[in-house]
Amino acid sequence: MKNFFKYARVDFYRAICSRRFIIGVVGVFLCMCLGMCVDGGYNISVLYVFDAVTYGIPFLLVTIFSAFPYAISIQDDEKNGYMYLLISRGNIISYTFSKCCVISISSILTIVLGVLCFVVMCKMGLPWIADNDTTFEILSQYGGLRFFLINQKFILYYILYALQYGILTALLSMLSTLISLFVSDQFLIFTIPIISFYIVSFFVNQIFRNNTADLYNIFNASVNIWNDDMKSYFYAISIGAVGFAILTILISSRILRKVKKND
Numbered sequence: 180m181k182n183f184f185k186y187a188r189v190d191f192y193r194a195i196c197s198r199r200f201i202i203g204v205v206g207v208f209l210c211m212c213l214g215m216c217v218d219g220g221y222n223i224s225v226l227y228v229f230d231a232v233t234y235g236i237p238f239l240l241v242t243i244f245s246a247f248p249y250a251i252s253i254q255d256d257e258k259n260g261y262m263y264l265l266i267s268r269g270n271i272i273s274y275t276f277s278k279c280c281v282i283s284i285s286s287i288l289t290i291v292l293g294v295l296c297f298v299v300m301c302k303m304g305l306p307w308i309a310d311n312d313t314t315f316e317i318l319s320q321y322g323g324l325r326f327f328l329i330n331q332k333f334i335l336y337y338i339l340y341a342l343q344y345g346i347l348t349a350l351l352s353m354l355s356t357l358i359s360l361f362v363s364d365q366f367l368i369f370t371i372p373i374i375s376f377y378i379v380s381f382f383v384n385q386i387f388r389n390n391t392a393d394l395y396n397i398f399n400a401s402v403n404i405w406n407d408d409m410k411s412y413f414y415a416i417s418i419g420a421v422g423f424a425i426l427t428i429l430i431s432s433r434i435l436r437k438v439k440k441n442d
């Protein structure tokens with residue numbers, strides 16, 4: 180654990196205190212702004228706009244920007260010759276676990292901050308909810324996180340919404356990291372989140388043909404797949420934890436092969 184905290188301290192600094200992180204947050208914000216323009220509807224409230232944007236195709240682009248801060252960090256370490264040096268001073272497990280944790284957290288933070296920036300911008304010209312707001316009525320009855328909507332704790336609602344979706348983007352960012360250990364084309368690596376989302380969603384839907392297995396439904400707080408706020412939210416967290424564990428093992432195995440090949 181001592182080695183892990185040493186790695187993590189450096190990784191957090193590199194991930195958060197970087198231009199890539201800022202670009203990622205701004206990218207998420209701009210994708211949502213693009214979604215608002217594409218929707219072209221009558222914007223009556225922040226909730227209406229947010230709901231319309233998150234169901235639009237431009238919102239899927241945020242998965243790319245969420246990977247931007249730190250998804251290629253291991254590839255960068257390898258290119259610069261730091262990976263083998265850092266591992267020699269600790270161990271592969273601590274090195275990989277630190278990277279995976281920071282990749283995931285930086286991805287989630289990118290989504291949360293980008294969403295908050297967009298929501299604050301919308302609030303400058305719109306009310307949280309409008310009179311006779313049908314979006315509010317539908318989501319407060321059938322959506323997730325209903326407690327926060329009904330009690331008008333809107334900031335908490337949007338933070339928790341972004342966190343839930345951020346779990347998905349974190350997994351997709353880790354998948355980009357795994358691919359980066361096989362290919363060097365960074366353009367391809369940063370397109371992996373959105374490509375893999377469609378591919379995985381297609382095969383999962385073909386295999387299970389069940390609403391509870393659909394990635395978009397699992398990580399979208401507007402969809403209350405178990406008709407229970409806490410159960411649906413922690414279901415997303417549980418799926419995220421399993422995905423995190425699997426991807427961490429795969430990344431660690433690939434790094435181990437590279438280290439053995441280098442020896």
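Residues are numbered in the numbering used here as their position in the sequence shown, beginning at 1, plus a constant of 179. Built from N, CA and C at the ideal position, the CB exists for glycine as well.
| Asked | Found |
| --- | --- |
| Cβ pair Thr348, Ser285 closer than 8 angstroms | no |
| Rounded Cβ spacing between Ile397 and Tyr377 (contact assumed at less than 8 angstroms) | Not really, about 15 angstroms apart at Cβ, beyond 8 angstroms. |
| Lys258: first and last residue of the uninterrupted alpha helix (DSSP H) it sits in | 252-258 |
| Top-ranked residue by Cα proximity to Lys410, from Gln343, Cys210, Leu435 | Gln343 |
| Segments assigned alpha helix (DSSP H), at least 4 residues, entirely inside the region 299-348 | 313-321, 325-329 |
| Residue range of the alpha helix (DSSP H) that includes Gly269 | Premise fails: Gly269 is in no alpha helix (DSSP H) and is neither H nor E. |
| Extent of the continuous alpha helix (DSSP H) run through Ser224 | Neither: Ser224 is in no alpha helix (DSSP H) and is coded neither H nor E. |
| Simplified DSSP assignment, three categories, for Met409 | helix |
| Residue span of the alpha helix (DSSP H) that contains Tyr377, given as start and end | 365-387 |
| Closer than 7 angstroms: Tyr412 CB and nearest the ligand HEM heavy atom | In the structure on display, the ligand HEM does not appear, and there are no ligands present to speak of. |
| Residue from Ser417, Ile253, Ala341 whose Cα sits closest to the Cα of Val207 | Ala341 |
| Rounded straight-line distance, which links the Cα of Phe382 to that of Ile223 | 38 angstroms |
| First and last residue of the uninterrupted alpha helix (DSSP H) at Asp393 | Taken as a continuous stretch (DSSP letters only), Asp393 belongs to no alpha helix (DSSP H), as it is neither H nor E. |
| Phe247 versus Pro237: straight-line alpha-carbon distance, rounded | 17 angstroms |
| Euclidean distance between Cα positions of Ile374 and Ala250 | 15 angstroms |
| Pairwise C-alpha distance: Leu350 and Ile272 | 19 angstroms |
| Among Cys216, Thr370, Leu354, Ile371, the one whose alpha carbon lies nearest that of Cys301 | Cys216 |
| Segment contact flag, the region 195-207 with the region 276-295, C-beta cutoff 8 angstroms, min 3 pairs | yes |
| Integer-rounded CB distance, given that Tyr321 should sit under 8 angstroms from Asn403 | 6 angstroms |
| Three-state secondary structure (DSSP) of Tyr234 | coil |
| Start and end residues, alpha helix (DSSP H) containing Asn182 | 181-195 |
| Where Leu177 sits in the DSSP three-state scheme | Since the first residue shown for the chain is 180 and the last is 442, residue 177 is missing from the structure and cannot be characterised. |
| Where Asn441 sits in the DSSP three-state scheme | helix |
| Cα-Cα separation, Gly235 to Val299 | 20 angstroms |
| Cβ-based burial, Phe184 [other Cβ within 10 Å; buried from 16] | exposed |
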